[in-house]
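J.:
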Amino acid sequence: MHGRGGQGAVTASRIIATAAYEEGKYSQAIPMYGTERRGAPLTAYVRIDKVRVRERELVHNPNYSLCFDPLIGLQQAVANDLKPGGKVLLNAPYAPEKSELAGDIEIATVDATSIALETLGRPITNTALLGAFSKATGVVSLESIEKAIKKYFPGRLGDMNIAAVRKSYEKVSPWVPAKNKVAPKIQVDLNVGGYGTLKDVSSWRVFYPEVNEEKCIGCKSCWIFCPEAALEWKANNKPAMIDRACKGCGVCANECPVKAIEMKRVAGA
Amino acid sequence: MSYEVMVGNKATAVGCKLARIKVAAVFPITPQTTITEYLSEIHASGELPGFEFINAEGELSSQVIVQAAEAVGARSFTCTSGPGLLYMHHPMQETASKRLPLVMAVVHRGVKSMQPDHSDLMSQQWQGWLHIYVENAQEILDTTVMAYKIAEDKRIRLPVAVGYDGYVLSYTAEPVEIPAQEDVDAFLPPYKPMPSILPDQVDPKTFGAGWGEGDPMKPWQMHHEAALNGETVIKEVFAEWGKKFGRTYGNGMIEPYRVEGADCVITAMGTIAGTAMAAIDRLWTDGKKVGLVKIRSFLPFPRKDFQEIAKGVGAIGVFDRSCQPGMWGPVYHQMRSTLYDEEKKTPVIGFIGGLSGKEVRVEDMMKIGEKTLKVAEGGKPEAPIQWV
Amino acid sequence: MSASQRMTRAQVPMEEMILAPGSTCQGCGAAMAARLTFKVLGSNLIRHGIPCCPDQVTKHPRVGAVFEGGGASLTGTARGLKAIGREDVKAVAFFGDGGTYDIGLQGLSAAAERNENILVITKDNEAYMNTGGQRSGGTPKYAETTTNPVGPNSRGKGEPKKNIPMIFAAHYVPYIATASVAFPEDLMQKVKYAKDIIGFRLILIQAPCPVGWRFDPAKTIELARAGVQSGMWPLYEIENGTAFKLNYKPKELKPVSEYLKPQSRFRHMTETEVNEVQTNVTTNWQRLLKADEMKTVVL
Chain A
1 MHGRGGQGAV
11 TASRIIATAA
21 YEEGKYSQAI
31 PMYGTERRGA
41 PLTAYVRIDK
51 VRVRERELVH
61 NPNYSLCFDP
71 LIGLQQAVAN
81 DLKPGGKVLL
91 NAPYAPEKSE
101 LAGDIEIATV
111 DATSIALETL
121 GRPITNTALL
131 GAFSKATGVV
141 SLESIEKAIK
151 KYFPGRLGDM
161 NIAAVRKSYE
171 KVSPWVPAKN
181 KVAPKIQVDL
191 NVGGYGTLKD
201 VSSWRVFYPE
211 VNEEKCIGCK
221 SCWIFCPEAA
231 LEWKANNKPA
241 MIDRACKGCG
251 VCANECPVKA
261 IEMKRVAGA
Chain B
270 MSYEVMVGNK
280 ATAVGCKLAR
290 IKVAAVFPIT
300 PQTTITEYLS
310 EIHASGELPG
320 FEFINAEGEL
330 SSQVIVQAAE
340 AVGARSFTCT
350 SGPGLLYMHH
360 PMQETASKRL
370 PLVMAVVHRG
380 VKSMQPDHSD
390 LMSQQWQGWL
400 HIYVENAQEI
410 LDTTVMAYKI
420 AEDKRIRLPV
430 AVGYDGYVLS
440 YTAEPVEIPA
450 QEDVDAFLPP
460 YKPMPSILPD
470 QVDPKTFGAG
480 WGEGDPMKPW
490 QMHHEAALNG
500 ETVIKEVFAE
510 WGKKFGRTYG
520 NGMIEPYRVE
530 GADCVITAMG
540 TIAGTAMAAI
550 DRLWTDGKKV
560 GLVKIRSFLP
570 FPRKDFQEIA
580 KGVGAIGVFD
590 RSCQPGMWGP
600 VYHQMRSTLY
610 DEEKKTPVIG
620 FIGGLSGKEV
630 RVEDMMKIGE
640 KTLKVAEGGK
650 PEAPIQWV
Chain C
658 MSASQRMTRA
668 QVPMEEMILA
678 PGSTCQGCGA
688 AMAARLTFKV
698 LGSNLIRHGI
708 PCCPDQVTKH
718 PRVGAVFEGG
728 GASLTGTARG
738 LKAIGREDVK
748 AVAFFGDGGT
758 YDIGLQGLSA
768 AAERNENILV
778 ITKDNEAYMN
788 TGGQRSGGTP
798 KYAETTTNPV
808 GPNSRGKGEP
818 KKNIPMIFAA
828 HYVPYIATAS
838 VAFPEDLMQK
848 VKYAKDIIGF
858 RLILIQAPCP
868 VGWRFDPAKT
878 IELARAGVQS
888 GMWPLYEIEN
898 GTAFKLNYKP
908 KELKPVSEYL
918 KPQSRFRHMT
928 ETEVNEVQTN
938 VTTNWQRLLK
948 ADEMKTVVL
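These protein sequence lines map, in sequence, to chains A, B and C.
For the first sequence, my numbering gives the first residue as 1, with consecutive numbering after it.
For the second sequence, my numbering gives the first residue as 270, with consecutive numbering after it.
For the third sequence, my numbering gives the first residue as 658, with consecutive numbering after it.
1. Taking DSSP's pairing of strands, which residues face MET241/A in a bridge?
2. Quick one: which chain B residues come within Cβ less than 7 Å of ARG743/C?
3. Taking all protein chains shown into account, decide if VAL749/C is buried (16 or more other Cβ within 10 angstroms of its Cβ) or exposed.
4. With respect to the alpha helix (DSSP H) encompassing ILE775/C, which residues constitute its N-terminal and C-terminal limits?
5. In three-state terms, what does DSSP make of LYS179/A?
6. Please state the DSSP three-state secondary structure of HIS705/C.
7. Provide the residue(s) that pair with THR715/C in DSSP beta bridges, ordered along the chain.
8. What is the rounded straight-line gap between the Cα of GLY543/B and the Cα of PHE514/B?
9. Compute the distance between the beta-carbons of ILE637/B and TYR601/B, then report whether it is under 8 Å.
10. Is there a Cβ of chain B sitting closer than 8 Å to that of PRO718/C, yes or no?
11. Taking the beta strand (DSSP E) that PRO444/B belongs to, which residues open and close that run?
12. Decide if ASN61/A is buried, meaning its Cβ has at least 16 other Cβ atoms within 10 Å, or exposed.
13. What does the alpha-carbon distance come out to for the pair GLU524/B and TRP398/B?
14. Could you check whether ASP633/B and GLY622/B sit closer than 8 Å to each other, using their CB atoms as the reference points?
15. If you measure from the beta carbon of LYS852/C to each beta carbon in chain B, is any gap under 8 Å?
16. Exposed or buried, what is ARG663/C when buried is set at 16 or more other beta-carbons lying within 10 Å of its beta-carbon?
17. Could you pull out every residue in the same chain whose Cβ sits closer than 7 Å to the Cβ of PRO385/B, ignoring the five residues on either side in sequence?
18. In the DSSP assignment, find the unbroken alpha helix (DSSP H) run with HIS358/B in it and report its ends.
19. Taking ARG666/C as the query, report the chain A residues whose CB atoms sit under 9 Å from its CB, ordered along the chain.
20. So what does DSSP say about PHE133/A, is it helix, strand or coil?
21. If you scan the stretch 547-582 of chain B from start to end, which runs of the alpha helix (DSSP H) of 4 or more residues do you find wholly inside it?
22. One question on the structure: do SER566/B and GLY647/B come within less than 8 Å of each other, judged by their Cβ atoms?
23. Assuming PRO809/C is part of the beta strand (DSSP E), what are its boundary residues?
24. With a threshold of 8 Å between beta-carbons, can ALA240/A be considered close to chain C, or not?
25. According to the Cβ coordinates, are THR302/B and ALA374/B closer than 8 Å?
26. Between the stretch 774-800 of chain C and chain F, which residues of the former have CB atoms less than 8 Å from a CB of the latter, in chain order?
27. Hey, how far is the Cα of ILE422/B from the Cα of ALA722/C?
28. Would VAL445/B pass as a contact of MET275/B if the rule is Cβ separation under 8 Å?
29. Hey, is GLN886/C's beta-carbon within less than 8 Å of any beta-carbon in chain A?
30. Could you check how far apart the C-beta atoms of ALA340/B and ILE334/B are, in whole angstroms? I think they sit under 8 Å.
31. By the 10 Å Cβ neighbour count, where 16 or more other Cβ atoms means buried, how is LYS215/A classified, buried or exposed?
32. Just checking: is the beta-carbon of ALA253/A within a distance shorter than 8 Å of some beta-carbon in chain C?
33. Just the C-alpha distance for THR734/C and ALA337/B, rounded to the nearest angstrom, thanks.
34. From the beta carbon of ASN772/C, is the nearest beta carbon of chain B less than 8 Å away?
35. Under DSSP, the beta strand (DSSP E) around PRO31/A begins and ends at which residues?
36. With a cut-off of 8 Å, does the C-beta of LYS849/C fall near any C-beta of chain A?
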């Protein structure tokens, strides 16, 4: 299950595990151990079986891959290493035929972000995707998901989450085989926790800084306050985003004294 | 060659000076406090130019200070006892993991009292260091110098703990021959860190290395192999010392005493080995052919040596000056594991004594020898492990 | 004082000494602090680290030590360098508040008392953020953290923040300063000034944490600025435990509510509690003004 730090992927994994147990199955929910950074991609895992699950390694070859974040859903990594005929369920505002994910897989989509905004008023997609998961895979029933949600979200919050679950149950697309059977060579690494310098954090961005060079007065406020030195200072005395280094935090736009930087939503986000 | 009747703690300080240590960080604790004072005098006198002496505010900091000094390229030293060693437990492991050739004197003070037993250093078996136990003041001085050569050997690059019993050795004065500085300089070359971390020498590729890359088993395997290399290097270094300075300590790993022709052997570490030697002599006089194997290197354990010795004796009596509650003595377990696969089954029996400074006398060691002899002659031991 | 190293925006070195991007959260104040600090220290140093948030990797050899070993590790490096005749290389630390205020306090205090030749730079995000945001000695009163959550039995942290600059100034060391990522030139001047002083130096940089303090990551600098302008994080320097200089003296302090309100870690505070904080800040500010007037502190 792929998502971003702070989006509730870990909670979602526990809800599925709880739902399975409600049905008399055994389950296990594993977060990806390591430092969780706000905005960084992270992965959680679930195992469901008729007998008690004993192994504890990460799920290296899943039957299903769920992706809570539309941008992360564009990355081939969410479709890698699935069992042959594995299924990928994406939170995406497009039909599965439009997905570029490749491999011996089937893809389904549901616009969980819109559903979450309608039912919860916030783009928190973890529960909104679970209804779709139930309908599309049949691994756990809608009833069990709802029972599990009540355990994690009591009262009115639980009701709102259940509304989200029911909507995504209705709206999930059918399964469609991937267009390409062969995965591309160049892929973005989704395992970005821990320490050290990272190669590319572009997958962290939901917004990116757009510079209006005409407005810019060359004061360098944006440049000096960027935590990642992700703005290069060009020869014409204007800043430009360095794609692999910008996390889209928005400090530069916030600090610009003349509002020459606007944070624009990344396409597909 | 000069000599002086000096206490064990002073022999440590003199050994450090001969080894031309550059940095020492120390903290007082009985029974090693006087080492720190001798070192402070060496510093104050200016007789060791460039020597940086730090009075740390605690043993944990002492360990970290000398760890950092070694990393930067300065041959360093620290010392402690008992609870001070336990306090160092956290960073002590890092000194070994970072492959730093530090030498540390551990003046034994048991964990349950101020008096000596080996529980302090034994409790740190897991830290990845080499452990050498010594028996007299001369051996302290010689071993302190040699420990640097062993530690800094590129096949090892691990810290070495030199343990000796508090009070009976730290404060007892004995004649000690002091080798000439030029001879020690010829024996012990200057220390070079591997790798250098000075900014003008470091490999820039090491910046930004991510955590936890590569096979997590590999550092353990490398560390383990390096510790095992101790056997080869210890034997080499002690042989070289013997040639150069005329003093040998067995083969460095063990020091056999009247083992040739013996029907059985007993083993001991530290000052008790000295007591045991006196007992051995009396036993032979009584016609009882019991030998002593003084164990010097506990880690790495002298496996090959004991596998060889076991071929020629009827039983081995292991004396442990520490007891891990619920698990008995560490030397006993090492011995049995060492001999388990051998074709000839040599009985190994255990004795635990001298804990919290309880005096072990010649008579006690004689009894241990006799009990071991009985087993060698086919008798059953009273118990697999006996409290002395 | 660092005024001798005065730097304008145009004079800020362009060269980056960080190897970015790092693995910190979006908008990380500690990453900003690292980037600015290492712009002015050159490359002839050995950087020391202990457990804390990753801030930024820099182009320097790095020595790590156990959490409580910061002061000792710096000492060993500085003394070792002296012993091998390489005092040209600087021993520099970049630590968090945990390793400075709490578990690391003993070792740093001892290093200060011995006046070791080390430069300690602490990025203070006011909690143990790397392990998820537990309270530290640097957590301010009323802040909610994961180990003092607000509930019927708790108003968040009940105790005031430790006054680390004054504690270390009371060791009579050559240089102590506070700095903020919102005042980058002031920060860099101080680091540059401290660089070549012999003896123990400590610079404490406030590093707002969007995840732990719970605010929009775009506002990191805005909040840091509010901290300084409200008097919650005054900027000053102390030399030898006596000479004192207040670096930023606005005509009027902004109200503390401007600083507290945008941070959800303070959202539970009542008006009374906010007033309490305001009173404390105002009183403290008067003391600092007095010290600045006299050019000295009494320690």
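Cβ atoms here follow ideal geometry from the backbone N, Cα and C, with glycine treated the same way.
Since the structure is predicted, the reported quantities are computational estimates derived from the model, not experimental observations.
T.: Checking against the coordinates, here is how it stands:
1. Indexing the first sequence from 1 puts residue 241/A at position 241. DSSP output for MET241/A lists LEU231/A as bridge partner(s).
2. Numbered from 1 along the third sequence, position 86 holds the residue referred to as residue 743/C. Residues of chain B with a Cβ closer than 7 Å to the Cβ of ARG743/C are, in chain order, LEU467.
3. The residue given as residue 749/C occupies position 92 in the third sequence. Answer is buried; the Cβ neighbour count reaches 16.
4. Translated into the one-based positions of the third sequence, residue 775/C becomes position 118. Note, ILE775/C: premise wrong, no alpha helix (DSSP H); not H, not E.
5. Here the question's residue 179/A lines up with position 179 in the first sequence. LYS179/A: coil per DSSP, three-state reduction.
6. By 1-based counting over the third sequence, the position of residue 705/C is 48. Look at HIS705/C here: in three-state DSSP terms it is strand.
7. Against the third sequence, residue 715/C aligns to sequence position 58. BP columns for THR715/C point to ILE675/C.
8. Position 274 of the second sequence holds residue 543/B. Position 245 of the second sequence holds residue 514/B. Taking the Cα positions, GLY543/B is about 22 Å away from PHE514/B.
9. By one-based count along the second sequence, residue 637/B stands at place 368. By one-based count along the second sequence, residue 601/B stands at place 332. Taking a C-beta distance under 8 Å as the contact criterion, ILE637/B and TYR601/B do not qualify as a contact pair.
10. Counting from one through the third sequence, the residue named residue 718/C turns up at place 61. Judged by the 8 Å Cβ criterion, PRO718/C is in contact with chain B.
11. Locating residue 444/B in the second sequence gives position 175, where the first residue counts as 1. Note, PRO444/B: beta strand (DSSP E), 442-447.
12. On the first sequence, position 61 is the one that residue 61/A refers to. Counting Cβ neighbours within 10 Å, ASN61/A comes out exposed, since fewer than 16 surround it.
13. As a working mapping, residue 524/B is identified with position 255 in the second sequence. As a working mapping, residue 398/B is identified with position 129 in the second sequence. Those two C-alpha atoms are separated by around 21 Å.
14. Position 353 of the second sequence, counted from the start, is the residue given in the question as residue 622/B. Position 364 of the second sequence, counted from the start, is the residue given in the question as residue 633/B. For GLY622/B and ASP633/B, yes; Cβs fall inside 8 Å.
15. Here residue 852/C is taken as the residue at index 195 of the third sequence, counted from 1. Nearest CB-CB separation between LYS852/C and chain B: not below the 8 Å threshold.
16. Along the third sequence, one-based indexing puts residue 663/C at 6. Residue environment analysis places ARG663/C among the exposed positions, since fewer than 16 neighbouring C-beta atoms fall within 10 angstroms of its C-beta.
17. On the second sequence, position 116 is the one that residue 385/B refers to. HIS377, ARG378, GLY379, ASP434, GLY435, TYR436, VAL437 and GLY626, listed in sequence order.
18. Here residue 358/B corresponds to residue number 89 of the second sequence, with the count starting at 1. The continuous alpha helix (DSSP H) containing HIS358/B extends over residues 358-366.
19. Taking the third sequence and counting its residues from 1, the one referred to as residue 666/C is at position 9. Within chain A, CYS219, LYS220, SER221 and ILE224 have C-beta atoms less than 9 Å from the C-beta of ARG666/C, given in sequence order.
20. Counted from its first residue, the first sequence places residue 133/A at position 133. Looking at PHE133/A - three-state DSSP - the assignment turns out to be helix.
21. Qualifying alpha helix (DSSP H) stretches, in chain order: 572-580.
22. Start at 1 with the first residue of the second sequence, and residue 566/B comes out as number 297. Start at 1 with the first residue of the second sequence, and residue 647/B comes out as number 378. In this structure, GLY647/B does not lie closer than 8 Å to SER566/B by Cβ.
23. Taking the third sequence and counting its residues from 1, the one referred to as residue 809/C is at position 152. Secondary structure note for PRO809/C: it is in no beta strand (DSSP E), with a DSSP letter that is neither H nor E.
24. For the purposes of this step, residue 240/A is taken as the residue at position 240 of the first sequence. Chain C, which has no Cβ nearer than 8 Å to the Cβ of ALA240/A, makes this no.
25. Position 33 of the second sequence, counted from the first residue, corresponds to residue 302/B. Position 105 of the second sequence, counted from the first residue, corresponds to residue 374/B. Not in contact: THR302/B and ALA374/B (Cβ atoms no closer than 8 Å).
26. The chain labelled as chain F is not found among the protein chains of the depicted structure, namely A, B and C.
27. Your numbering for residue 422/B matches position 153 in the second sequence. Your numbering for residue 722/C matches position 65 in the third sequence. Reading the sequence as shown, one finds Asp at residue 422/B and not Ile. The straight-line gap from Cα to Cα measures roughly 24 Å.
28. In the second sequence, residue 445/B corresponds to position 176, counting from 1. In the second sequence, residue 275/B corresponds to position 6, counting from 1. Yes, the Cβ-Cβ distance between VAL445/B and MET275/B is below 8 Å.
29. Walking along the third sequence from the start, residue 886/C turns up at place 229. False, the Cβ-Cβ gap to chain A never drops below 8 Å.
30. For the purposes of this step, residue 340/B is taken as the residue at position 71 of the second sequence. For the purposes of this step, residue 334/B is taken as the residue at position 65 of the second sequence. The beta-carbon separation of ALA340/B and ILE334/B, rounded to 11 Å, does not stay under the 8 Å limit for a contact.
31. In the first sequence, counting from the first residue as 1, residue 215/A sits at position 215. By the Cβ neighbour-count rule, LYS215/A is exposed, with fewer than 16 other Cβ atoms within 10 Å of its own.
32. Numbered from 1 along the first sequence, position 253 holds the residue referred to as residue 253/A. When Cβ-Cβ separations below 8 Å define contact, ALA253/A makes contact with chain C.
33. As a position in the third sequence, residue 734/C is number 77, starting the count at 1. As a position in the second sequence, residue 337/B is number 68, starting the count at 1. In a straight line, the C-alpha of THR734/C is about 5 Å away from that of ALA337/B.
34. To locate residue 772/C, count along the third sequence from 1; it is residue 115. Nearest CB-CB separation between ASN772/C and chain B: not below the 8 Å threshold.
35. Start at 1 with the first residue of the first sequence, and residue 31/A comes out as number 31. Element bounds for PRO31/A: 26-31.
36. To locate residue 849/C, count along the third sequence from 1; it is residue 192. At a cut-off of 8 Å between beta-carbon atoms, LYS849/C makes no contact with chain A.
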